[in-house]
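Written out below as C-alpha cells is the structure these notes cover.
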Amino acid sequence: MLLRTKLILFAALCAFLPTMLSTYWSARTISESIETELSGKGLGILDQVGKLTEERIESIFSYSFLVMGNPALPLAIEKKSPELIASVAGSIEKGLNLDLLEIADSRGGLLYSAEGRRGIPSPIVGKAFGQAAASGRRSLLGLEIMEGKVAVEVATLLPSLRGPFSGVVVMGFYLDDKFFGDIKEVMRSDFCLFSKGLIVAQTLEADREEVARALSNPLVRLENASGRPLAERTRIGGEPYVLALKDMGIAGADLKLAALLSSRNAAAAKRKATVSIALAGLAGFGIAALLALLLSSRLMAPVRTLTRAAEEVGNGNLETRVPVASRDEIGFLSHAFNAMAVRLKEDQERLVRSERLAAIGQMASGVGHELRNPLAAIRNAIYFVKGKLMKDPARDPAVREMLDIAEKEIGSTVKISNDLLEFSRAVRINPSVQDVNSILTYVFNTVSTPQNVHLVKRLGEGLPPVNIDPERMRQVFMNLLNNAFEAMTAGGEVLVESCYNETSRVTVRVKDNGPGIPEKDRERIFEPLYSTKAKGTGLGLSIVRTIVETHLGTITLRTELGRGAEFTVSLPVAAKAGVE
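In terms of the working numbering, the sequence shown opens at residue 10 and continues consecutively.
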C-alpha cells in the first residue's frame, strides 16, 4: 500500500471514528433526555389526574350539603311521590353531570336510580346508615366495582321532621374508559387503571391481557417502593412507551393508575439525530479524505522529488541536488540527501584520483626505470668523450660546447626520471619536532633567486614547533619558490610569510605578483602530469600536496589574473600533529 493511501486512510479514520462515537453518544443522550422529559411529564399527568379526581369528589361532597339543606328531596321522599323524586333527581344530575345517582328511603328501599336499577340500592347505603348510627357523620365516601367499572360514590343522609333521617342520596361517577378517554383528549396520554392487579379501565387499544403482562413487573416494583411513584421504559405490542405509575391515594381503595406516553417520537428523534450525525460524519469523512488527499499531494511532492533524485544518483549523476524548501523532517531529509550526494561525489573523486594516481604511478615507475639505465650510459659516454677532448685542446671548441649542452639536458632528463620514480612510490616521512622558520631559512640560502625578482621574508616570531620531516618540507618550499620565480618572467616580488593562527596551526604563505593562474587551470593545478608551463612534468605540485597531506596538513591556492598567485601551507603544531 502506497504511503499516500495510508495517509488518506489514516486521516479519514481519525475523522470517522470520533464522529461515529459522537453519533452514538449524541443519539443516546438525546434519547435519554427525551425519555427523562417524558417521565417527568407522565408523573405530572398522574398528579393532575389525582387532583381532578379529588376536585370532582369535593364538588359532590359540596353539593351533598346543598341537598341536605334543601327540603325538596326529603319532602318528596316522605310523600313517596315518584314524579317529584325524579324531578329533584334530574336537577341534581344536571348540576353535577353524574354517572351514578340513587335515592333510597329510611328503610333502604330503592326509590330512584339513574341507571334504572330496581330493588336493592348500592351497598354504600347500608354503610351510610351504619356510619350515622356509629359516629353521627351524615356523608360517606365509598368505592364500588360495578359490572367491571370502578364507581366513586358519596352517600348523604337526608334530614327528616319525623325521625333521624328521611332517606339517603348516593351520587358518584365511574373511573372507566370514558373518564380517562376524556382526560386523554386533553393530556395526550394513555391511561390504565388497576384494582388489585386487574385492569378496570384503559385507553390503549392493545389487548388487556397483553397490557397486564407488560405492566405486572412495574406494579410489583411500585409495591416494593412503598407507594412512591415510579417512571420507566416499557414496550406494549411492540410500541415503546414511557410509563409513569402511582397509587391514586383514595382511602380504602387499592387503585393504581398508569400513564403511558408513547416514546415513538423519542425513537424517531433518536433515529433522526443518528442519521443527521451519521451524515455529518460521512461528510466529515469525505472532507477529511479530500484534505488528506490534498495534504498528501503536498507532502508527497518532496518525497517524489527525493525518489527521482535518488534514482539519478543511483544512475551515476552525483551532481543531483534537491531543494530544501522547509525546516521540517522532509527538509532535514533533503539536507541529509544533498550532504550524502556531496560525500558520494567527493568519495568518487577521491577514488578516481586514487585509481588515476595508481595508474600514473605504475606508468611513471616503468618509464623512470626504463630511462635511468640508458641515461646513465649516455652520461658516461659524454664523460668519456669530454675526457678525450681534454687531452687534445686543439680540437674544435664547438664540439666541447655541444657536449656541455648534452650533459645539461641529460641532467634535466635524469631529474624528470627521478621525479617519475618518486611519484610512483608511496611518500614516506621521518618526522621530528622542527622549527618552520629554520626550514625556510635553509631554503632561502639554497634557492637561486633570479636577479629581477625581489624575495621578501616575513617570518613570525615565537612560532610553536611542528612535527615534520625536514627534508620533505624543504622539498615542498623549494618547489613553491621555484614555481613562483618561474612565473615572474618579467620580474617582481615574491613574499614568504610564516605565522601562527587561531586554529592552532602554523601557516606558510608563498605569494607572487605574477600573471596569476587562469580559471581553467585552477581546479587541476594539483593533478599529476598537469602543467601550465611549456617545460616540466606536471608532477611538482602533485608531489607537494601529497607530502603536505601526509603531514596532516593542507595546501590551498588563491589567485587572480594579473595579480599573482598565493599558495598557503597549513601544518598542525607538534602537540596535535598526530604524525609518528
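We treat Cβ as the ideally placed atom computed from N, Cα and C, and that holds for glycine. Being a predicted model, the structure only gives us computed values, none of them experimental.
Assess, as a yes-or-no matter, whether the region 190-202 is touched by the region 81-91 under the definition of 3 or more beta carbon pairs within less than 8 Å.
Contact between the region 81-91 and the region 190-202 is absent, because fewer than three Cβ pairs lie under 8 Å.
Could you check the C-alpha separation between residue 576 and residue 460 for me, to the nearest Å?
In a straight line, the C-alpha of residue 576 is about 22 Å away from that of residue 460.
Considering only residues of the same chain and omitting the five flanking positions on each side of residue 353, which have a CB-CB separation below 6 Å?
Result list for residue 353: 327, in chain order.
Expressed to the nearest angstrom, what Euclidean distance is found between the alpha-carbon atoms of residue 150 and residue 109?
Going by the C-alpha atoms only, they are around 13 Å apart.
Taking residue 228 and residue 255 to be in contact with their CB atoms under 8 Å, please state how far apart those CB atoms are, rounded to whole angstroms.
Actually they do not touch by this definition, with Cβ atoms about 11 Å apart.
Do the CB positions of residue 449 and residue 486 come within less than 8 Å of each other?
Yes.
Looking at C-beta atoms only, is the number of pairs between the region 281-289 and the region 243-257 that lie closer than 8 Å three or more?
Too few Cβ pairs lie closer than 8 Å, so no.
Under 8 Å, with one C-beta from each stretch per pair, do the region 224-242 and the region 97-105 reach the 3-pair mark?
Output reads no: the region 97-105 does not touch the region 224-242.
Would you decide whether residue 272 is buried or exposed? Buried here means 16 or more other CB atoms lie within 10 Å of its CB.
Buried, by the Cβ-count rule.
In whole angstroms, what separates the C-alpha of residue 518 from that of residue 357?
Using only the alpha carbons, I get a separation of about 30 Å.
Is the number of C-beta pairs between the region 488-506 and the region 528-537 that are closer than 8 Å three or more?
No, because fewer than three Cβ pairs between the region 488-506 and the region 528-537 fall closer than 8 Å, the two stretches do not touch.
If you drop the 5 nearest sequence neighbours on each side, which residues of the same chain put their C-beta closer than 7 Å to that of residue 131?
Here the set comprises 111, 153, 162 and 179.
I'd like the list of long-range same chain contacts for residue 331, defined as Cβ closer than 8 Å, with 5 residues on each side in sequence excluded.
Contacts found: 311, 314, 315, 318, 343, 346 and 347.
Taking C-alpha atoms, which residue in 283, 527 and 474 lies nearest to residue 37?
Ranking 283, 527 and 474 by Cα distance to residue 37 puts 283 first.
What do you get for residue 44, buried or exposed, if any count of 16 or more other CB atoms within 10 angstroms of its CB means buried?
With 16 or more Cβ atoms within 10 Å of its Cβ, residue 44 is classed as buried.
Within 10 Å of its beta-carbon, does residue 587 have 16 or more other beta-carbons around it, so buried, or fewer, so exposed?
The pLDDT assigned to residue 587 is 42, lower than 50, so where the model puts this residue is not dependable; a value taken from the coordinates is nonetheless given after this. Looking at its Cβ environment, which holds fewer than 16 other Cβ atoms inside 10 Å, residue 587 is exposed.
Kindly indicate which residue of 522, 516 and 160 has the alpha-carbon position closest to the one of residue 187.
Comparing Cα positions, the closest option is 160.
Quick one: is residue 392 buried, meaning 16 or more other Cβ sit within 10 Å of its Cβ, or exposed?
Exposed is the call here.
Please report the straight-line C-alpha distance between residue 135 and residue 181, rounded to a whole angstrom.
Each residue's Cα considered, the two are about 16 Å apart.
What separation, rounded to the nearest whole angstrom, lies between the Cα atoms of residue 525 and residue 552?
Taking the straight line joining both Cα atoms gives about 21 Å.
Identify whether residue 526 lies in helix, strand or coil by the three-state DSSP scheme.
Correct three-state label for residue 526: coil.
Pick from 338, 480 and 458: whose alpha carbon is nearest that of residue 438?
Comparing Cα-Cα distances from residue 438 to each of 338, 480 and 458, the minimum goes to 480.
In angstroms with no decimal places, state the Cα-to-Cα distance between residue 27 and residue 222.
Approximately 41 Å between the Cα atoms of the pair.
By a C-beta neighbour count over all protein chains shown, 10 Å radius and 16 as the cutoff for buried, is residue 565 buried or exposed?
When all chains shown are included, residue 565 counts as exposed.
Using CA atoms only, rank isn't needed, just tell me which of 68, 258 and 242 is closest to residue 235.
Closest by alpha carbon: 258.
Which of the three DSSP states, helix, strand or coil, is assigned to residue 446?
Reduced to three states, the DSSP call for residue 446 is helix.
With DSSP collapsed to three states, give me the class of residue 246.
The answer is coil: DSSP assigns residue 246 none of H, G, I, E or B.
Should residue 30 go down as buried or exposed, given a rule of 16 or more other Cβ atoms within 10 Å for buried?
Exposed.
Could you check what DSSP says for residue 581 in three-state terms: helix, strand or coil?
Strand, per DSSP.
What residue ranges within the region 169-218 form continuous alpha helix (DSSP H) runs of no fewer than 4 residues, ordered along the chain?
Taking only runs of at least 4 residues, the alpha helix (DSSP H) segments lying wholly in the region 169-218 are 186-196.
State the CB to CB distance for the pair residue 238 and residue 61, rounded to an integer number of angstroms; the pair is presumed to be in contact (CB under 8 Å).
Not confirmed; about 17 Å, so no contact.
Here's a check: name, in chain order, each residue in its chain whose Cβ is nearer than 7 Å to the Cβ of residue 329, leaving out the five neighbours to either side.
The residues are 318, 321, 322 and 350.
Give the DSSP-derived three-state secondary structure of residue 576 in the structure shown.
Looking at residue 576 - three-state DSSP - the assignment turns out to be strand.
Consult DSSP for residue 587 and reduce its assignment to one of helix, strand or coil.
The pLDDT assigned to residue 587 is 42, lower than 50, so where the model puts this residue is not dependable; a value taken from the coordinates is nonetheless given after this. If DSSP states are grouped into helix, strand and coil, residue 587 belongs with coil.
Let me make sure I understand the geometry here. Which of 102, 101 and 86 has the alpha-carbon closest to that of residue 117?
When each option's Cα is compared against that of residue 117, the closest is 86.
Take residue 155 and list the residues in its own chain whose beta-carbon comes closer than 6 Å to its own, dropping the five residues that flank it on each side.
No residues qualify anywhere along the chain.
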